[in-house]
Amino acid sequence: MRKWCSPTSGKCWGRKEGGLRKEENEGRGRRWRADGGERRLGHGGFERCRLLVALNPWPAFINERLEMYNKLKAEHDALLAEKAANDSKPIKVTLPDGKQIDAESWKTTPYQIACGISQGLADNTVIAKVNKMVWDLDRPLEEDCTLELLKFEDEEAQAYNKFKCRILNEKVNTPTTTVYRCGPLIDLCRGPHVRHTGKIKTIKIHKNSSTYWEGKADMESLQRIYGISFPDGKMLKEWEKFQEEAKSRDHRKIGRDQGLFFFHELSPGSCFFLPKGAYIYNTLIEFIRSEYRKRGFQEVVTPNVFNSKLWMTSGHWQHYSDNMFSFEVEKEIFALKPMNCPGHCLMFDHRPRSWRELPLRLADFGVLHRNELSGALTGLTRVRRFQQDDAHIFCTMEQIEEEIKSCLQFLRTVYDVFGFSFKLNLSTRPEKYLGDIEVWNQAEKQLENSLNDFGEKWELNPGDGAFYGPKIDIQIKDAIGRYHQCATIQLDFQLPVRFNLTFTRPVIIHRAILGSVERMIAILTENYGGKWPLWLSPQQVMVVPVGPTCDEYAQKVRQHFHDAGLMADVDVDPGCTLNKKIRNAQLAQYNFILVVGEKEKASGTVNIRTRDNKVHGERTIADTMERLLELKCSRSRQAEEEF
Numbered sequence: 001m002r003k004w005c006s007p008t009s010g011k012c013w014g015r016k017e018g019g020l021r022k023e024e025n026e027g028r029g030r031r032w033r034a035d036g037g038e039r040r041l042g043h044g045g046f047e048r049c050r051l052l053v054a055l056n057p058w059p060a061f062i063n064e065r066l067e068m069y070n071k072l073k074a075e076h077d078a079l080l081a082e083k084a085a086n087d088s089k090p091i092k093v094t095l096p097d098g099k100q101i102d103a104e105s106w107k108t109t110p111y112q113i114a115c116g117i118s119q120g121l122a123d124n125t126v127i128a129k130v131n132k133m134v135w136d137l138d139r140p141l142e143e144d145c146t147l148e149l150l151k152f153e154d155e156e157a158q159a160y161n162k163f164k165c166r167i168l169n170e171k172v173n174t175p176t177t178t179v180y181r182c183g184p185l186i187d188l189c190r191g192p193h194v195r196h197t198g199k200i201k202t203i204k205i206h207k208n209s210s211t212y213w214e215g216k217a218d219m220e221s222l223q224r225i226y227g228i229s230f231p232d233g234k235m236l237k238e239w240e241k242f243q244e245e246a247k248s249r250d251h252r253k254i255g256r257d258q259g260l261f262f263f264h265e266l267s268p269g270s271c272f273f274l275p276k277g278a279y280i281y282n283t284l285i286e287f288i289r290s291e292y293r294k295r296g297f298q299e300v301v302t303p304n305v306f307n308s309k310l311w312m313t314s315g316h317w318q319h320y321s322d323n324m325f326s327f328e329v330e331k332e333i334f335a336l337k338p339m340n341c342p343g344h345c346l347m348f349d350h351r352p353r354s355w356r357e358l359p360l361r362l363a364d365f366g367v368l369h370r371n372e373l374s375g376a377l378t379g380l381t382r383v384r385r386f387q388q389d390d391a392h393i394f395c396t397m398e399q400i401e402e403e404i405k406s407c408l409q410f411l412r413t414v415y416d417v418f419g420f421s422f423k424l425n426l427s428t429r430p431e432k433y434l435g436d437i438e439v440w441n442q443a444e445k446q447l448e449n450s451l452n453d454f455g456e457k458w459e460l461n462p463g464d465g466a467f468y469g470p471k472i473d474i475q476i477k478d479a480i481g482r483y484h485q486c487a488t489i490q491l492d493f494q495l496p497v498r499f500n501l502t503f504t505r506p507v508i509i510h511r512a513i514l515g516s517v518e519r520m521i522a523i524l525t526e527n528y529g530g531k532w533p534l535w536l537s538p539q540q541v542m543v544v545p546v547g548p549t550c551d552e553y554a555q556k557v558r559q560h561f562h563d564a565g566l567m568a569d570v571d572v573d574p575g576c577t578l579n580k581k582i583r584n585a586q587l588a589q590y591n592f593i594l595v596v597g598e599k600e601k602a603s604g605t606v607n608i609r610t611r612d613n614k615v616h617g618e619r620t621i622a623d624t625m626e627r628l629l630e631l632k633c634s635r636s637r638q639a640e641e642e643f
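So the sequence shown is numbered by UniProt numbering: it starts at 1 and just counts up by one.
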């Protein structure tokens, strides 16, 4: 007898040998049929799927584990019953719309409340949030609380804790922990889980990868298997379509295909930008630098290496030293800087300051290093060496509102050029905070005023600010609907205190628009799908001669455009036909292809077409160059259409 067992429901399906037949389904994995039913066991990403041989009897440890679980479950149920009998009292449950529902502590569950509203709501609810904490639907409420009922479509219902799984011998730092059982599977897990596996209508195991335990290269090597489930098949198909689109836009693939960058095992997490990638990198920095000149920022250069005493003063050593590259020099501990703010505090403090100098806006593109776990390194989105468009604004409390308005306008200008929409969240004072509550209230009010004047929709995240100050979180939306956190606008009341900054005690605004340049390049690569806008494109112009007799003229044309500051190449490959050269340039995403033949050679012109095969016709070299430079300087996103 062979069986396939579901780890989620504990159910098994089986047939004697010969009663089960296999079907191959190209690209969709293997399926096994029995009496007309089918169960998908794999997908095309795996080379092999096989049925598991049922163990009869189970190994002793499984029964021992089940017995222990049943014993603990019985004790837990008895405790709940005792509390329901002796400690239950009337409570008020507040829904998101402000409506209050009467309930009983230790008896009423979120699922019962959902049923009381409507059975449809109960059927579609996946998990609950009680006082902002995720909660199982069948777990009794304990006190007066707020209640949110989350459906599968809700953004928070899709989130997961990447450190969810813990092994039993790892320290659990809470008084209690949670254990779930599905069939023979018992898992130490925070949860919450869906009420039953009937909610899961479709499952797909979609990839596997090698990883290290806890992401550390000196730990055991493991295989990570990725799976996903949905409440209906249509949602799975939509997800599969989205994944295919995301895969085709993967910045690692495009970066390799276009010759932008690469990584090497001798410097993990540190990107090697090739000439074309370096052009994008430097163009982004120059874009921000040009805006700095308009907005009163002063660019500075600070050291890469600091004595650990600096980080002790700033507080980073106590909380962040594991993520820093540190080393000993002459019996002193030094570290590569992971952020610029402490160095900027030294710069502010190196001479007496007057209130007349505020606001002081310092900008820094200095190289930063963070000791990310090797298993967490992912292309350009998670690296060890990076640069930020980092700035720190030293200002008075009264200047916060105007400075935040200016930061938001700066942000809008940059994101409009990229074509990004964005959403804003104001994160306010957490329960554990440092400083005077009146200072917090005043600062939060100014942030709120700035957001209202900005004119974009924003939402409140109460209690989600940092312990040292409130912040505005900004997420940009890319071409396929994904959100990315890049920009930062963060108030800091504590760093000026730690460094004893005077004359008037300033507030620091931490501000970045791109975030890390590396991560922004990854996002832009995937947003554009490798079709770079002209101003940012490392492949702006390709000159294509009709035949060998025009090669010399084509080389001269290319040199003219290169000398004017455009990224120009020429294709004089004798083995390619004219059509092949044009097609190659279009596939390589050159914005403009300039075809030159005997006619163009005689008249000093070029024949222009775009990567999307729109023909603009014949123009002089001077006119073409002038127009391309205009479009480049304007940072047009549709230069091919606007030409």
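C-beta: ideal position from N, C-alpha, C; glycine also.
Just so it is clear, the structure is predicted and the values come from calculations on it, not from any experiment.
At what residues does the beta strand (DSSP E) containing residue i begin and finish?
i	result
N63	Unbroken run through N63 is the alpha helix (DSSP H), A60 to N86; no beta strand (DSSP E).
K599	No beta strand (DSSP E) holds K599; the alpha helix (DSSP H) holding it covers E598 to S603.
P90	P90 to T94
W317	Counting along the chain, W317 falls outside any beta strand (DSSP E), though it belongs to the alpha helix (DSSP H) covering H316 to Y320.
L368	V367 to H369
N97	Note on residue identity: the sequence assigns Asp, not Asn, to residue 97. Unbroken run through D97: none, as it is neither H nor E.
M133	M133 to W135
L150	C145 to K151
L460	W458 to N461
Residues bridged to residue i by DSSP?
i	result
residue 646	In this structure the chain extends from 1 to 643, so residue 646 is not present and cannot be described.
N208	I225
H392	L362 and H510
H484	I476
Q490	K471 and H510
V329	E332
F422	I476
V305	L336
M397	According to DSSP, M397 bridges with nothing at all.
I186	R181
D102	K92
A466	G469
residue 644	Lying outside 1 to 643, the shown extent of the chain, residue 644 is not represented and no answer is given.
Does the Cβ of residue i have 16 or more other Cβ atoms within 10 Å, making it buried, or fewer, making it exposed?
i	result
S427	buried
Q446	buried
G37	Summary for G37: the model assigns pLDDT 39, below 50, so the residue's position carries little reliability; its value from the coordinates is reported in the next sentence. Result: exposed.
H76	exposed
C145	buried
E526	buried
R611	buried
P506	buried
K581	buried
W311	buried
H344	buried
H196	exposed
D390	buried
I225	exposed
G530	buried
M324	buried
W58	exposed
What first and last residue would you give for the alpha helix (DSSP H) that runs through residue i?
i	result
L501	Unbroken run through L501: none, as it is neither H nor E.
L346	C341 to D349
K294	P275 to K294
G127	One point to set straight first is that residue 127 is Ile, not Gly, in the sequence displayed. I127 -> not in any alpha helix (DSSP H); beta strand (DSSP E) instead, spanning T125 to V130.
W440	I437 to F454
C115	P110 to I117
Inter-stretch contact at 8 Å, needing at least 3 Cβ pairs: the region 588 to 596 / the region 532 to 541: Segments in contact, yes.
Contained alpha helix (DSSP H) runs [length at least 4] in the region 233 to 273, N- to C-terminal order: Correct list: 233 to 248 and 251 to 257.
Whole beta strand (DSSP E) elements within the region 564 to 639, 3-residue minimum: Secondary structure remark: continuous beta strand (DSSP E) runs of at least 3 residues inside the region 564 to 639, in chain order: 568 to 570, 592 to 596, 605 to 610 and 615 to 620.
Ordered list of alpha helix (DSSP H) runs contained in the region 515 to 556, each at least 4 residues: Segments of the alpha helix (DSSP H) lying fully in the region 515 to 556: 517 to 528.
Three or more C-beta pairs below 8 Å linking the region 320 to 336 and the region 366 to 376: Short answer: they touch.
Touching by the beta-carbon criterion (3+ pairs, under 8 Å), the region 402 to 420 and the region 501 to 514: Taking one beta carbon from each stretch, the region 402 to 420 and the region 501 to 514 have 3 or more pairs nearer than 8 Å; the two touch.
The region 419 to 439 in contact with the region 466 to 483 per 3-pair CB rule at 8 Å: By the criterion of at least three beta-carbon pairs nearer than 8 Å, the region 419 to 439 is in contact with the region 466 to 483.
Inter-stretch contact at 8 Å, needing at least 3 Cβ pairs: the region 307 to 320 / the region 381 to 395: Inter-segment contact for the region 307 to 320 and the region 381 to 395 is absent: fewer than three beta-carbon pairs are separated by less than 8 Å.
Meets three-Cβ-pair contact criterion under 8 Å: the region 106 to 113 and the region 130 to 141: Judged by pairs of C-beta atoms under 8 Å, the region 106 to 113 touches the region 130 to 141, as three or more such pairs exist.
Touch test, the region 453 to 469 against the region 429 to 438, Cβ-Cβ under 8 Å, three pairs minimum: Judged by Cβ distances under 8 Å, the region 453 to 469 makes contact with the region 429 to 438, as three or more pairs qualify.
Inter-stretch contact at 8 Å, needing at least 3 Cβ pairs: the region 262 to 276 / the region 384 to 395: Enough Cβ pairs lie closer than 8 Å, so yes.
Stretch-stretch touch, CB-based, cutoff 8 Å, three pairs: the region 246 to 254 with the region 490 to 502: The region 246 to 254, when compared against the region 490 to 502, does not touch it at the 8 Å Cβ threshold.
The region 120 to 127 in contact with the region 86 to 102 per 3-pair CB rule at 8 Å: By the Cβ criterion, the region 120 to 127 is not in contact with the region 86 to 102, since fewer than three pairs of Cβ atoms, one from each stretch, lie closer than 8 Å.
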